[in-house]
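Below: one structure, written as structure tokens.
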Amino acid sequence: MDQIKERIDHLRKTLAYHSRKYYVEDAPEISDFEYDKLFYELKALEEAHPEYDDPNSPTKRVGGVALSKFEKITHTVPLKSLTDVFSYDELRAFCSKLEAEFGALEYSVECKIDGLSVALHYEGGRLVYAATRGDGTVGELITENARTIQSIPLIIDYDGTLEVRGEVYMPRSSFEALNRQREENEESLFANPRNAAAGALRQLDSKITASRKLDIFLFNLQLCDRTFDTHIETLEFMKAQGFKVVPFYSKATTADEIIAKIEEIGRMRENLPFDIDGVVIKVNSLARREEIGEGTSTPKWAVAYKFPPEQKITRLLDISIQVGRTGVLTPIAELESVRLAGSTVSRATLHNIDFIHERDIRIGDFVTVQKAGDIIPEIAASHPGKRESELPVYEMPAVCPSCGEPVVRDEEAATRCTNAACPAQLIRNLIHYASKDAMDIAGLGPAQIKLLHEKGLVTSVSDLYTLKKEDLINLDRMGEKSADNLLAAIEASKTRGLARLLFALGIRQIGEKAGEALASAFGDIERFFTLTTDELCAVEDVGLITAENVVNYFSHPQTRALIDALKVVGVETAMTAPTKMDDRFAGMTFVLTGTLPTLTRSEAEALIKQYGGKTSSSVSKKTSVVLAGAEAGSKLTKAEALGVRIIDENEFRELLK
Ligand SMILES: [Zn+2]
2 MDQIKERIDH LRKTLAYHSR KYYVEDAPEI SDFEYDKLFY ELKALEEAHP EYDDPNSPTK
62 RVGGVALSKF EKITHTVPLK SLTDVFSYDE LRAFCSKLEA EFGALEYSVE CKIDGLSVAL
122 HYEGGRLVYA ATRGDGTVGE LITENARTIQ SIPLIIDYDG TLEVRGEVYM PRSSFEALNR
182 QREENEESLF ANPRNAAAGA LRQLDSKITA SRKLDIFLFN LQLCDRTFDT HIETLEFMKA
242 QGFKVVPFYS KATTADEIIA KIEEIGRMRE NLPFDIDGVV IKVNSLARRE EIGEGTSTPK
302 WAVAYKFPPE QKITRLLDIS IQVGRTGVLT PIAELESVRL AGSTVSRATL HNIDFIHERD
362 IRIGDFVTVQ KAGDIIPEIA ASHPGKRESE LPVYEMPAVC PSCGEPVVRD EEAATRCTNA
422 ACPAQLIRNL IHYASKDAMD IAGLGPAQIK LLHEKGLVTS VSDLYTLKKE DLINLDRMGE
482 KSADNLLAAI EASKTRGLAR LLFALGIRQI GEKAGEALAS AFGDIERFFT LTTDELCAVE
542 DVGLITAENV VNYFSHPQTR ALIDALKVVG VETAMTAPTK MDDRFAGMTF VLTGTLPTLT
602 RSEAEALIKQ YGGKTSSSVS KKTSVVLAGA EAGSKLTKAE ALGVRIIDEN EFRELLK
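In this note's numbering, the protein residues as written are 2 to 658.
Written as structure tokens, this is what we have:
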């Protein structure tokens, strides 16, 4: 038995050593194959001997059991934010103000990583917990997720109390891979690595976090039994403990020196494998920091210099037009490729014709393209002075590039194709209709839809339901099994219900929530053909513009034809009357507000009706119960004022038992 424990300890130490070599020092000593062999040996031993389980074992880096929520924790040392400066003048003012009061100072200069701040707490040489910054005072415990970050040491040599602060970030390569995968799955893309890192770090299932390949740079020693003279000494100490410390830190003694270092970091910026959004300047001496002191939310001895958005000048080669699902024509700049913020940019949005005219952007111009935290670059300015000859003013095409029908310009500067049979719109409509949150037809992605449309098999949403196996098998690379699966998925989509159908139809401004609200308010799609804007506006969360869009959509003869066709093929277009259970809620009126943890609004309403109760949209003295979820607003306040009984979803479920 002792031999087994010894082997386990040896393997854990060896794996931790090689992890550090690989992920922190970037100097691996063994191949991935050798590493994996040791890893699986350890895993097998741990499985056979659960008595030697250890949460800090290298095998725990793949994630574990999912949590139901994150626990809160009050930070031992608050995670303060820094004062931002946006110009060299402001930076000089910061230095001269400090130096006037405290004499000559030494500063540390380091990159500001664009990620999320976390604190890592160690006791007895072991990682005890990891927490997000939260509001700086109270954060959330994300220990399981932190363990999946390979460069965070789980065991360190120093065995006193130690807390370090760092920035968790998503390397650009992981970010690009993640967005590529999301694009393939038709999921919304993350705007930037920072948002993607935030999403990954706050996953309740640490296995998902593990798959997102996060990394960390440590930049502050929050708490330690040992004393140090300078900030840079603390960084060296952390490095010696196996932490991955923020790169390119150095010392400076004057504002000019600091600025020279900022310029140097700025030049490296676009080629770094991670995003930085500035440079942090701190007084290096810890004793001096004490003298200088702290403000309420920020220390007085440090500032963050923020880089302006990255910009490049390039040539606008052409303007192409994209036709969106709602028929809007969006002008897209086709650019001579430039490297910007770590990626190659050859297209940028031009929004609409007003945007183009206001900036006097013409085809052939030199333009400034910028990326400011967003994934889609934008044209910030044109440079008419650089024109070699007079260029024509750009105008939007008079006809839709997809169907050739005349376009109209609406009051919001948008140019729109109103032809309901426009192929560009039809394809995007079909993609939306089949998407996961709408009718959820698995296996019917954009590629299949385009193909079905090209072959003339699908020219309307209702055509999906008349597809036959032989139609599909003749399509590119579709086998018998996939064809069967697709037909089954199409069949299953018939019973998604009215709420999903209203969303799936792609009516302007009708999202998932509005679809649900409208479905439970009116119950049957037939009602929508006669509704007035007033009736629609009476539904919670439905505004006048949404109401007008609904009335407009259902006034088109094509809509009548489409709904009839969907009914013929058997798509559910009305809410099914719930089976009556018993009368326990008889005579009771419920009001729903906020978002419930698991039930949708229409599900909760259906349950209330099943047990003989009624629902109302406003709180009064006659209201029996208010069922409140997260972000409940004025209805909750009113219920409290009137003394109406308020319950949450758990209590509601108790009532149903
Ligand atoms: Zn068109």
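Cβ coordinates follow ideal geometry from the N, Cα and C atoms, glycine included.
Could you tell me whether the Cβ atoms of Ser463 and Val570 are closer together than 8 angstroms?
Residue 463 sits at position 462 when you count from the first residue of the sequence shown. Residue 570 sits at position 569 when you count from the first residue of the sequence shown. Yes.
Rounded to whole angstroms, what's the CA-CA distance from Leu318 to Arg348? Just pull it up for me.
Mapped onto the sequence shown, residue 318 falls at position 317. Mapped onto the sequence shown, residue 348 falls at position 347. Note on geometry: alpha-carbon atoms of Leu318 and Arg348 lie some 10 angstroms from one another.
Within this structure, are the beta carbons of Ala607 and Leu593 separated by less than 8 angstroms?
On the sequence shown, position 606 is the one that residue 607 refers to. On the sequence shown, position 592 is the one that residue 593 refers to. With a cutoff of 8 angstroms on beta-carbon distance, Ala607 and Leu593 are scored as not near each other.
Classify Tyr41 as buried or exposed, calling it buried when 16 or more other Cβ atoms lie within 10 Å of its own Cβ.
Position 40 of the sequence shown, counted from the first residue, corresponds to residue 41. Result: exposed.
Could you have a look at Ala631 and say whether DSSP puts it in helix, strand or coil?
Along the sequence shown, read from residue 1 onward, the residue named residue 631 stands at position 630. Three-state result, Ala631: strand.
According to the Cβ coordinates, are Val165 and Leu222 closer than 8 angstroms?
Along the sequence shown, read from residue 1 onward, the residue named residue 165 stands at position 164. Along the sequence shown, read from residue 1 onward, the residue named residue 222 stands at position 221. The answer is yes: Cβ separation under 8 angstroms.
Could you tell me the distance, in whole angstroms, from the CA atom of Tyr130 to the CA atom of Tyr53?
Locating residue 130 in the sequence shown gives position 129, counting from the first residue. Locating residue 53 in the sequence shown gives position 52, counting from the first residue. Answer to the nearest angstrom: the Cα atoms are 20 angstroms apart.
Can you tell me which of Arg654, Ala633, Val626 puts its alpha carbon nearest to the alpha carbon of Arg646?
As a position in the sequence shown, residue 646 is number 645, starting the count at 1. Nearest of Arg654, Ala633, Val626 to Arg646, Cα basis: Val626.
Report yes if the CB atom of Ala303 is closer than 8 angstroms to the CB atom of Arg93, and no otherwise.
What you label residue 303 is simply residue 302 of the sequence shown in a count that begins at 1. What you label residue 93 is simply residue 92 of the sequence shown in a count that begins at 1. The answer is no: Cβ separation not under 8 angstroms.
Taking just the CA atoms, how far does Gly480 sit from Glu455?
Here residue 455 corresponds to residue number 454 of the sequence shown, with the count starting at 1. Here residue 480 corresponds to residue number 479 of the sequence shown, with the count starting at 1. Rounded to whole angstroms, Glu455 to Gly480 spans 19 angstroms at the Cα level.
In angstroms with no decimal places, state the Cα-to-Cα distance between Tyr24 and Phe238.
On the sequence shown, position 23 is the one that residue 24 refers to. On the sequence shown, position 237 is the one that residue 238 refers to. Looking at the two C-alpha atoms, the distance is approximately 18 angstroms.
Within 10 angstroms of the Cβ of Leu545, are there 16 or more other Cβ atoms? Answer buried if so, exposed if not.
For the purposes of this step, residue 545 is taken as the residue at position 544 of the sequence shown. Counting Cβ neighbours within 10 Å, Leu545 comes out exposed, since fewer than 16 surround it.
Looking at C-alpha atoms only, which residue of His122, Gly325, Ala443, Glu335 is the closest neighbour of Cys401?
Here residue 401 refers to the residue found at position 400 of the sequence shown. Selected option, being the one with the closest Cα: Gly325.
Does His557 come out as helix, strand or coil in the three-state DSSP assignment?
Looking up residue 557 in the sequence shown gives position 556. It is coil, neither helix nor strand.
Taking any heavy atom of ligand 1 as the mark, which residues have a C-beta closer than 5 angstroms to it, listed down the chain?
Cys401, Ser403, Cys404, Cys418, Asn420, Cys423
Go to Tyr18, then tell me how far its alpha helix (DSSP H) extends in each direction, as first and last residue.
By 1-based counting over the sequence shown, the position of residue 18 is 17. Taken as a continuous stretch (DSSP letters only), the alpha helix (DSSP H) holding Tyr18 covers 3 to 20.
Counting only runs of 3+ residues fully inside the stretch 255 to 313, write out the beta strand (DSSP E) ranges in chain order.
277 to 284, 303 to 307
According to DSSP, simplified to helix, strand and coil, what is Ala192?
Translated into positions along the sequence shown, residue 192 becomes position 191. Coil, per DSSP.
Residues bridged to Leu222 by DSSP?
Here residue 222 refers to the residue found at position 221 when the sequence shown is read from its first residue. Note: Leu222 sits in a beta bridge opposite Val165.
Boundaries (first-last residue) of the alpha helix (DSSP H) holding Gln371
In the sequence shown, residue 371 corresponds to position 370, counting from 1. For Gln371, there is no enclosing alpha helix (DSSP H); the enclosing beta strand (DSSP E) covers residues 367 to 372.
Neighbourhood of Ile364 by C-beta distance below 7 angstroms, restricted to the same chain and skipping five residues each side
Taking the sequence shown and counting its residues from 1, one reaches residue 364 at position 363. Non-local C-beta neighbours of Ile364 in its own chain, meaning closer than 7 angstroms and more than five positions away in sequence, comprise Leu317, Asp319, Ile320, Leu392, Tyr395, ordered along the chain.
What does a CB cutoff of less than 6 angstroms around Lys470 pick up in its chain, not counting 5 residues either side in sequence?
Walking along the sequence shown from the start, residue 470 turns up at place 469. Correct list, in chain order: Ala484.
State the start and end residues of the unbroken beta strand (DSSP E) segment that holds Leu252.
Here residue 252 refers to the residue found at position 251 when the sequence shown is read from its first residue. Looking at the sequence provided, one finds Lys at residue 252 rather than Leu. First-last of the beta strand (DSSP E) with Lys252: 251 to 253.
Could you tell me the alpha carbon to alpha carbon distance between Asp216 and Lys610, rounded to whole angstroms?
Here residue 216 refers to the residue found at position 215 of the sequence shown. Here residue 610 refers to the residue found at position 609 of the sequence shown. Looking at the two C-alpha atoms, the distance is approximately 50 angstroms.
Rounded C-alpha distance that separates Glu26 from Leu12
To locate residue 26, count along the sequence shown from 1; it is residue 25. To locate residue 12, count along the sequence shown from 1; it is residue 11. Rounded to whole angstroms, Glu26 to Leu12 spans 20 angstroms at the Cα level.
So if DSSP puts Cys418 in a beta bridge, which residue, or which two residues, is it bridged to?
For the purposes of this step, residue 418 is identified with residue 417 of the sequence shown, where counting begins at 1. Beta-bridge pairing links Cys418 to Val408.
So for Arg148, helix, strand or coil by DSSP?
If you number the sequence shown from 1, residue 148 lands on position 147. Arg148: helix per DSSP, three-state reduction.
Figure out for me which residue from Thr533, Gly386, Glu107 has the closest Cα to the Cα of Glu258.
What you label residue 258 is simply residue 257 of the sequence shown in a count that begins at 1. The residue with the shortest Cα to Cα distance from Glu258 is Glu107.
Hey, how far is the Cα of Ser58 from the Cα of Ile508?
On the sequence shown, position 57 is the one that residue 58 refers to. On the sequence shown, position 507 is the one that residue 508 refers to. Each residue's Cα considered, the two are about 52 angstroms apart.
Could you have a look at Lys636 and say whether DSSP puts it in helix, strand or coil?
Walking along the sequence shown from the start, residue 636 turns up at place 635. DSSP places Lys636 in helix when its eight states are reduced to three.
CB Ile362 to CB Ile380, shorter than 8 angstroms?
Counting from one through the sequence shown, the residue named residue 362 turns up at place 361. Counting from one through the sequence shown, the residue named residue 380 turns up at place 379. With a cutoff of 8 angstroms on beta-carbon distance, Ile362 and Ile380 are scored as near each other.
Cα-Cα, which of Thr416, Ala505, Ala439, Asp85 is closest to Pro300?
As a working mapping, residue 300 is identified with position 299 in the sequence shown. Checking every option, the nearest Cα to that of Pro300 belongs to Asp85.
In the DSSP output, what is Ala199 paired with across the bridge?
Position 198 of the sequence shown, counted from the first residue, corresponds to residue 199. Per DSSP, none; premise fails for Ala199.
What does a CB cutoff of less than 6 angstroms around Lys240 pick up in its chain, not counting 5 residues either side in sequence?
Stepping through the sequence shown from its first residue, residue 240 is reached at position 239. Correct list, in chain order: Val246.
Thinking C-beta only, is Ile156 closer than 8 angstroms to Gly126?
The sequence position of residue 126 within the sequence shown is 125, counting from 1. The sequence position of residue 156 within the sequence shown is 155, counting from 1. Against a cut-off of 8 angstroms, the Cβ pair of Ile156 and Gly126 comes out as a contact.
Which residue or residues does DSSP assign as beta-bridge partners of Gln323?
Taking the sequence shown and counting its residues from 1, one reaches residue 323 at position 322. Under DSSP, the beta-bridge partners assigned to Gln323 are Thr331.
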